[in-house]
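S.K.: Mind having a look at this structure? Questions to follow.
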Amino acid sequence: MKERETGSLLAALRRAATLHRLYGSSHPLTGVALADAAREADVLAEGQPVQLTVLDESIYLDRTLLPMASLTHGGFLRTMHDRGLRSVTFLPPVAMADLSRLTAALAGEALEPAGAGSVRLNQDNLAADDLEESGDGRRVAYTATLDLLRAVSLAVSERERVSLLDTAAAVRSLVDLCLDDPSAALLLSTMKSHHEYTFFHSVNTCILTLMIGRMTGLDRADQLLLGMGALLHDIGKVGVSPAVLQHPGRLSPEQWAEIRIHPQVGAESILTASEPGQEVVAVVALEHHARYDGSGYPNLLYFEEPPEHTDGYSRQHPLHLFSRLTAVADGYDALTSRRSYRRAESPARALRVLLSDAGTVYDPDVVHAFIDIMGEFPPGSVLRLQRGEVVLVDQPAPDADGPVPALLVVDAAGRKLARPEPRSFLPGEVAGYLTPDRAGVDPALILEQVGASPDD
Ligand SMILES: [Fe+2]
Numbered sequence: 032m033k034e035r036e037t038g039s040l041l042a043a044l045r046r047a048a049t050l051h052r053l054y055g056s057s058h059p060l061t062g063v064a065l066a067d068a069a070r071e072a073d074v075l076a077e078g079q080p081v082q083l084t085v086l087d088e089s090i091y092l093d094r095t096l097l098p099m100a101s102l103t104h105g106g107f108l109r110t111m112h113d114r115g116l117r118s119v120t121f122l123p124p125v126a127m128a129d130l131s132r133l134t135a136a137l138a139g140e141a142l143e144p145a146g147a148g149s150v151r152l153n154q155d156n157l158a159a160d161d162l163e164e165s166g167d168g169r170r171v172a173y174t175a176t177l178d179l180l181r182a183v184s185l186a187v188s189e190r191e192r193v194s195l196l197d198t199a200a201a202v203r204s205l206v207d208l209c210l211d212d213p214s215a216a217l218l219l220s221t222m223k224s225h226h227e228y229t230f231f232h233s234v235n236t237c238i239l240t241l242m243i244g245r246m247t248g249l250d251r252a253d254q255l256l257l258g259m260g261a262l263l264h265d266i267g268k269v270g271v272s273p274a275v276l277q278h279p280g281r282l283s284p285e286q287w288a289e290i291r292i293h294p295q296v297g298a299e300s301i302l303t304a305s306e307p308g309q310e311v312v313a314v315v316a317l318e319h320h321a322r323y324d325g326s327g328y329p330n331l332l333y334f335e336e337p338p339e340h341t342d343g344y345s346r347q348h349p350l351h352l353f354s355r356l357t358a359v360a361d362g363y364d365a366l367t368s369r370r371s372y373r374r375a376e377s378p379a380r381a382l383r384v385l386l387s388d389a390g391t392v393y394d395p396d397v398v399h400a401f402i403d404i405m406g407e408f409p410p411g412s413v414l415r416l417q418r419g420e421v422v423l424v425d426q427p428a429p430d431a432d433g434p435v436p437a438l439l440v441v442d443a444a445g446r447k448l449a450r451p452e453p454r455s456f457l458p459g460e461v462a463g464y465l466t467p468d469r470a471g472v473d474p475a476l477i478l479e480q481v482g483a484s485p486d487d
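Below you can see the structure in the form of C-alpha cells.
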C-alpha cells in the first residue's frame, strides 16, 4: 500500500488546483505545482498504470482502501466527488499538460473526460460494490465519528441546535470498539492530522477516555455519556479563529482570552440540545481545562465565608469524574500530536509529563490508571532497538518485565518492510524512542495492513 505517496500526490493536486483557480493555468506558480504533482504521480505509479477511485469520501488505490489519505484529505475528496470525478487513472510517465485537465476540473472548470493521454478521468471505474467490501469496520466507526463532529461543529458555528442523539449513535460504536477490541482501539487512537487537528484530537480523546472509563468499571450507560463528553469537550473551539488556534508563538492577552472562552462556549452549545444527559456532557466541556487543583480555566474556585474567628479559604468545586478522565486523555493526545508551535512528544515522554503534572493539572489516580493501561511502551510507540531495527508497539504489554508485542517495520539492515511482521522485544533491547513522523511510520496504515482478519 502506498498511503504516504498517495497523500503526497493529493496534497500536490490540492495545491495545483488552488493556484490554477487563483492565478490561472498559465501562471508559473501553477506550473511549478503541476510539475510537483506530475512527479508525485510518477513516484506513486512506479512505471505501472494506477487508478485512484473516490467513493464516499474515501480513496482507493486500485482496490485498496487508503484510510489515512481518506481521513486527512476528506474535504478534498468530497470536492472531487462534487465535481463529478470518480476515478483518475495515471499512465506513467505523467505529462503536465494531461494533469492540468484534472486540476482544471478540480478548480471548478467543466470536466472534460479524457480518453487518451497519461491522465484519464472516470475511465473503467472499479465497481463501487467491489470496493465497499474492502472497508474496515473499525475505520468506519472512526470516520463516521469524524463526520459527525464536522456536522456538530457546523451546527455550533451556525448557532443551530446540537443533536445529542446522533452523537450518542457515533459514540456507541466507539464504546463497542473499546470493549470488543481494546488493542485496535488504542492503536486507532494514534491517528493524527495536523490539518484537522481538533476533529482527530476529539475522536482520539474519546477513545482514550473510554479506555480509562472501562478500567474504572463504569456501566454502559455511563460509558456512553462519558464518551459523548470526551468527544464534544472541545466543540467550543469552533468559536476560536484558526489563526489563534494555530498561532506558532506566544499568544497575546487578546488571543488568550479567545482560547479561554472555549469551555464556556462548548457547554452553552451542548445545552442547546434538549436530550437526556446533556448536563453531564456540558459539564465535561466546561471543566476540561479547570485542572485538578483549580489553577486552570474557567476559574471554579470560590471563597467560603469564614466561620467565626477563622480566616476564610478558597475552595475548589470538585471536578466531575468524567472531566478528570477526559483531562488526562486530552493531555496525552495533545502532547503526542504535532502542533504548529511544537513537535510531537513520544508516548513515553508524554506519560512522564502526565506523571509530573499529577496532583496539580491532573487527578493522580486517573494518571496512574492511564499509565497502567498504556504500560511503559504505549501502543503507537515507535522504538529503535539495539540492533537497529525499528518496531511499532501495537498492543499493551501483558506484564511489566516480559516481552512487549510489537511489529517490525524496519529491519536491522535499515530496509523498510512492505508488510510489518510480529516482533516482540524485551524492555532491555530498547535503544531509543522515535516519533512516528520522524520514523516515517504510519500506525493507522499498519493497523489496516495487519489488523484485518479474513472474516473482518
Ligand atoms: Fe480544550
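All residue numbers in the sequence shown are consecutive under our numbering, ending with 487. The beta carbon of each residue, even a glycine, is placed where N, CA and C say it ideally should be.
Give me the residue from E420, G406 and A443 with the minimum Cα distance to P429.
M.R.: By one-based count along the sequence shown, residue 429 stands at place 398. Cα-wise, what sits closest to P429 is G406.
S.K.: Taking C-beta to C-beta, are L217 and M246 nearer than 8 Å?
M.R.: For this step, residue 217 is matched to residue 186 along the sequence shown. For this step, residue 246 is matched to residue 215 along the sequence shown. Going by C-beta atoms, L217 is not nearer than 8 Å to M246.
S.K.: In three-state terms, what does DSSP make of K268?
M.R.: The sequence position of residue 268 within the sequence shown is 237, counting from 1. Three-state result, K268: helix.
S.K.: Terminal residues of the continuous beta strand (DSSP E) containing Q20?
M.R.: With the chain covering 32 to 487 only, the question about residue 20 has no answer from this structure.
S.K.: Mark A158 as exposed unless 16 or more other C-beta atoms lie within 10 angstroms of its C-beta, in which case mark it buried.
M.R.: For the purposes of this step, residue 158 is identified with residue 127 of the sequence shown, where counting begins at 1. With a pLDDT of only 49 at A158, under the threshold of 50, the placement of this residue in the model should not be trusted, and no figure is reported.
S.K.: Can you tell me whether H319 sits near ligand 1, meaning its C-beta is under 7 Å from at least one heavy atom of the ligand?
M.R.: Locating residue 319 in the sequence shown gives position 288, where the first residue counts as 1. Indeed, a heavy atom of ligand 1 lies less than 7 Å from the Cβ.
S.K.: With hydrogens ignored, establish whether the beta-carbon of H293 is closer than 7 Å to any heavy atom of ligand 1.
M.R.: Stepping through the sequence shown from its first residue, residue 293 is reached at position 262. Yes, since a heavy atom of ligand 1 falls inside the 7 Å radius drawn around the Cβ of H293.
S.K.: Is the stretch 255–275 close to the stretch 312–325, with three or more CB pairs under 8 Å?
M.R.: yes
S.K.: List the endpoints of the continuous alpha helix (DSSP H) containing P378.
M.R.: Reading the sequence shown from its first residue, position 347 is the one you call residue 378. Per DSSP, P378 belongs to the alpha helix (DSSP H) from P378 to S387.
S.K.: Flag this pair as yes or no: are the beta carbons of L44 and L60 separated by less than 8 Å?
M.R.: Residue 44 sits at position 13 when you count from the first residue of the sequence shown. Residue 60 sits at position 29 when you count from the first residue of the sequence shown. It is not a contact, given that the beta carbons lie outside the stated cut-off.
S.K.: Which two residues bound the contiguous beta strand (DSSP E) that contains E452?
M.R.: For the purposes of this step, residue 452 is taken as residue 421 along the sequence shown, with counting starting at 1. First-last of the beta strand (DSSP E) with E452: K447 to P453.
S.K.: In this structure, how does DSSP classify T466 when only helix, strand and coil are distinguished?
M.R.: Position 435 of the sequence shown, counted from the first residue, corresponds to residue 466. T466: coil per DSSP, three-state reduction.
S.K.: Using DSSP's beta-bridge definition, name the partner residues of I90.
M.R.: Mapped onto the sequence shown, residue 90 falls at position 59. According to DSSP, which records beta bridges pairwise, I90 is partnered with V85.
S.K.: Determine the DSSP secondary structure at D486, reduced to helix, strand or coil.
M.R.: By one-based count along the sequence shown, residue 486 stands at place 455. Residue confidence for D486 is low, a pLDDT of 33 falling below 50, so the modelled location carries little weight; the figure read from the coordinates is stated next. In this structure, D486 counts as coil in the three-state DSSP scheme.
S.K.: Which residues bound the beta strand (DSSP E) around V440?
M.R.: Residue mapping note: residue 440 aligns to position 409 of the sequence shown, counting from 1. From DSSP, the beta strand (DSSP E) with V440 extends over A437 to V441.
S.K.: R52: which of P451, G445, L350 and T134 sits nearest, CA to CA?
M.R.: Stepping through the sequence shown from its first residue, residue 52 is reached at position 21. The option with the nearest alpha carbon to R52 is T134.
S.K.: Tell me the start and end of each unbroken alpha helix (DSSP H) in the stretch 162–214 that is at least 4 residues and wholly inside, in chain order.
M.R.: 168–188 and 195–211
S.K.: I'd like to check one pair, T221 with P410: are the Cβ atoms closer than 8 Å?
M.R.: For the purposes of this step, residue 410 is identified with residue 379 of the sequence shown, where counting begins at 1. For the purposes of this step, residue 221 is identified with residue 190 of the sequence shown, where counting begins at 1. Yes, these two residues count as a Cβ contact at 8 Å.
S.K.: In whole angstroms, give me the CA-to-CA distance for P273 and A76.
M.R.: By 1-based counting over the sequence shown, the position of residue 273 is 242. By 1-based counting over the sequence shown, the position of residue 76 is 45. Computed Cα separation, rounded: 36 Å.
S.K.: With DSSP as the reference, label Y54 as helix, strand or coil.
M.R.: As a working mapping, residue 54 is identified with position 23 in the sequence shown. Helix at Y54.
S.K.: Just the Cα atoms here: how many angstroms apart are L219 and T391?
M.R.: Position 188 of the sequence shown, counted from the first residue, corresponds to residue 219. Position 360 of the sequence shown, counted from the first residue, corresponds to residue 391. Approximately 29 Å between the Cα atoms of the pair.
S.K.: Going straight from the alpha carbon of C209 to that of P294, what length do you get?
M.R.: Within the sequence shown, residue 209 is the residue found at index 178, counting from 1. Within the sequence shown, residue 294 is the residue found at index 263, counting from 1. Taking the straight line joining both Cα atoms gives about 26 Å.
S.K.: Under the three-state reduction of DSSP, which class applies to F408: helix, strand or coil?
M.R.: To locate residue 408, count along the sequence shown from 1; it is residue 377. DSSP, reduced to helix, strand and coil, places F408 outside both helices and strands of the structure shown, so it counts as coil.
S.K.: Just the C-alpha distance for D473 and A100, rounded to the nearest angstrom, thanks.
M.R.: Within the sequence shown, numbered from 1, the residue matching residue 473 stands at position 442. Within the sequence shown, numbered from 1, the residue matching residue 100 stands at position 69. If you take the alpha carbons of D473 and A100, they lie about 11 Å apart.
S.K.: When we look at the beta-carbon of E164 and count the other beta-carbons within 10 Å, is it buried (16 or more) or exposed?
M.R.: Along the sequence shown, read from residue 1 onward, the residue named residue 164 stands at position 133. Low confidence applies to E164: its pLDDT is 46, below 50, so where it sits in the model is not reliable, and the reading given next is rough at best. Counting Cβ neighbours within 10 Å, E164 comes out exposed, since fewer than 16 surround it.
S.K.: What are the start and end residues of the alpha helix (DSSP H) that includes V275?
M.R.: Counting from one through the sequence shown, the residue named residue 275 turns up at place 244. Here the alpha helix (DSSP H) through V275 covers P273 to L276.
S.K.: Would you check if the distance between the CB atom of V413 and the CB atom of T466 is smaller than 8 Å?
M.R.: Position 382 of the sequence shown, counted from the first residue, corresponds to residue 413. Position 435 of the sequence shown, counted from the first residue, corresponds to residue 466. Result yes, Cβ atoms of V413 and T466 sit closer than 8 Å.
S.K.: Buried or exposed: which applies to A138, given that a residue is buried once 16 or more other Cβ atoms fall within 10 Å of its Cβ?
M.R.: In the sequence shown, counting from the first residue as 1, residue 138 sits at position 107. Per the 10 Å Cβ criterion, buried.
S.K.: Looking at C-alpha atoms only, which residue of N153, L185, V202 and R190 is the closest neighbour of T176?
M.R.: Walking along the sequence shown from the start, residue 176 turns up at place 145. Closest by alpha carbon: V202.
S.K.: First and last residue of the alpha helix (DSSP H) that includes T221?
M.R.: As a first step, residue 221 must be located in the sequence shown, where it is residue number 190. Taken as a continuous stretch (DSSP letters only), T221 belongs to no alpha helix (DSSP H), as it is neither H nor E.
S.K.: Taking 8 Å as the cut-off, does the stretch 435–443 touch the stretch 281–289 (at least 3 CB pairs, one atom from each stretch)?
M.R.: no
S.K.: Could you tell me which whole alpha helix (DSSP H) segments of length 4 or greater appear in the stretch 110–147?
M.R.: 127–137
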